[in-house]
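K.L.:
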Amino acid sequence: AVQQAREAARRTQCKNNLKQLGIALHNYHDTFNCFPPAHIRTQSAIPANNTLTGWRGFSLHSMLLPYIEQTALYTTLDFNSYFDAPQNTVGRRQRLPAFLCPSDTPMSTAETGNNSYPGSMGTNLGQYVNQAFRNGVFRFDVVTRMRDINDGTSNSVALGEQLMGDNNGAAYRAGDVVRGIAFNGNAQRPTQAEVDAYGVACQAGIGNHHSHGGRDWAIGMPAQTLFNTVAVPNWRYPTCQTCVGCGWMDSQGFFPARSRHTGGVQICLADGSVRFVSENVDLNVWQNVGSINGGEVTGDY
């Protein structure tokens, strides 16, 4: 009973965290008439070939700092460089309670900022898909405005939860990301059969994984500050990326919402409201919630 009471308190605090982030998103939108982009790349963060491999840009969370009473921290970051430039080391390592679910365990190493609340990329595999497929609230190379959310702000997820890895590659645990599993299905909205088949392949490949999911709130990358709705919350298979060696998740993949709350995850919708979503939600319904402009009828969930 004591443990249940403690978890109930942690879950309530987690809900409050998401509510505050929802307010921050709306205040940002009031200021700039858009939500923050998924990934902010300055000239210093873009390599010579000027492609999306300029992965070292800042996150939407970095843009929200002034709206969660972290203006002083915001002013220490050098946005004219890349997120892990030496001058940003102290700032990006700050752990902010606003970004941490109390039910999860932060990494033991002090050099990590950590993040529990990623933004939704929608029903696609990530930043390298065709731009027309980028149907989440947070997208690479384009910002989202309220008017772009044709499915309704109360029907579209903005923020979810994720588990943090242990920053120790010795053994796989929930929160780690399996690497190098190719996906040959629909990159925009995988079917249930495609999701299941990919999950089996990911489970078989846990020998190649990295353990720093949720390590940095400052970088705009999947499994750090972004997730997708291609698989249901608390998916029974590992979080998984297609790239073999990518250590910062600059890759396509399955990056589902995850939490340590029993039975599901909490989400913040684009209207700022927060609700709990069961891990048994129908996949098609969950993918509808991830899309901002598909014209789908979400239904009950």
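Quick note: the sequence shown uses my numbering, first residue 944, plus one each step.
Think of the CB as a built atom: it goes at the ideal place given N, C-alpha and C, for glycine as much as any other residue.
Since the structure is predicted, the reported quantities are computational estimates derived from the model, not experimental observations.
Can you look up residue 1066 in the DSSP assignment and give me helix, strand or coil?
P.N.:
coil
K.L.:
To the nearest angstrom, how far is it from the Cα of residue 1034 to the Cα of residue 1008?
P.N.:
11 Å
K.L.:
Where residue 1089 and residue 1096 are concerned, what is the direct C-alpha to C-alpha distance, given to the nearest angstrom?
P.N.:
Approximately 7 Å between the Cα atoms of the pair.
K.L.:
If you run the structure through DSSP and keep just helix, strand and coil, what is residue 982?
P.N.:
strand
K.L.:
Which residues bound the alpha helix (DSSP H) around residue 963?
P.N.:
945–975
K.L.:
Just verifying my parser: in three-state terms, what is the DSSP assignment at residue 992?
P.N.:
Note on residue 992: pLDDT 47, under 50, position unreliable in the model; the coordinate value appears next. Three-state DSSP puts residue 992 in coil, outside helix and strand.
K.L.:
Which residue marks the beginning of the alpha helix (DSSP H) containing residue 1279, and which one marks its end?
P.N.:
The question about residue 1279 has no answer here: the residues shown for the chain are numbered 944 through 1244.
K.L.:
Who are the Cβ neighbours of residue 1188 in its own chain at under 6 Å, not counting the five residues just before and after it?
P.N.:
none
K.L.:
For residue 1016 and residue 1025, I'd like the C-alpha separation in whole angstroms.
P.N.:
16 Å
K.L.:
Could you please give the first and the last residue of the uninterrupted alpha helix (DSSP H) stretch that includes residue 1032?
P.N.:
1032–1035
K.L.:
Write down the C-beta distance between residue 1122 and residue 1186 rounded to the nearest angstrom, noting that I regard them as a contact closer than 8 Å.
P.N.:
6 Å
K.L.:
Applying the 10 Å Cβ sphere with the 16-neighbour rule, what's the burial state of residue 959?
P.N.:
Answer is exposed; the Cβ neighbour count stays below 16.
K.L.:
When the Cα of residue 1058 is compared with those of 1103, 1197, 1205 and 1213, which residue comes out closest?
P.N.:
1103
K.L.:
Decide if the segment 1159–1175 is in contact with the segment 1190–1201; the criterion is three or more beta carbon pairs, one per stretch, under 8 Å apart.
P.N.:
yes
K.L.:
With DSSP as the reference, please indicate the residues paired to residue 1196 in a beta bridge.
P.N.:
Residue 1196 pairs with 1184.
K.L.:
Is it the case that the Cβ atoms of residue 1213 and residue 1101 are separated by a distance below 9 Å?
P.N.:
yes
K.L.:
Going by other Cβ atoms of all chains shown within 10 Å of its Cβ, with 16 needed for buried, is residue 1054 buried or exposed?
P.N.:
exposed
K.L.:
Does the distance from the C-beta atom of residue 1197 to that of residue 1126 stay below 9 Å?
P.N.:
yes
K.L.:
Just tell me which of 1176, 1111 and 1133 has its CA closest to the CA of residue 1151.
P.N.:
1111
K.L.:
Using C-beta distances below 6 Å, list every residue in its chain close to residue 1171, excluding the 5 sequence neighbours before and after it, in chain order.
P.N.:
1064 and 1198
K.L.:
Runs of 4 residues minimum, wholly inside the segment 1111–1156: which ones carry the alpha helix (DSSP H) assignment?
P.N.:
1135–1147
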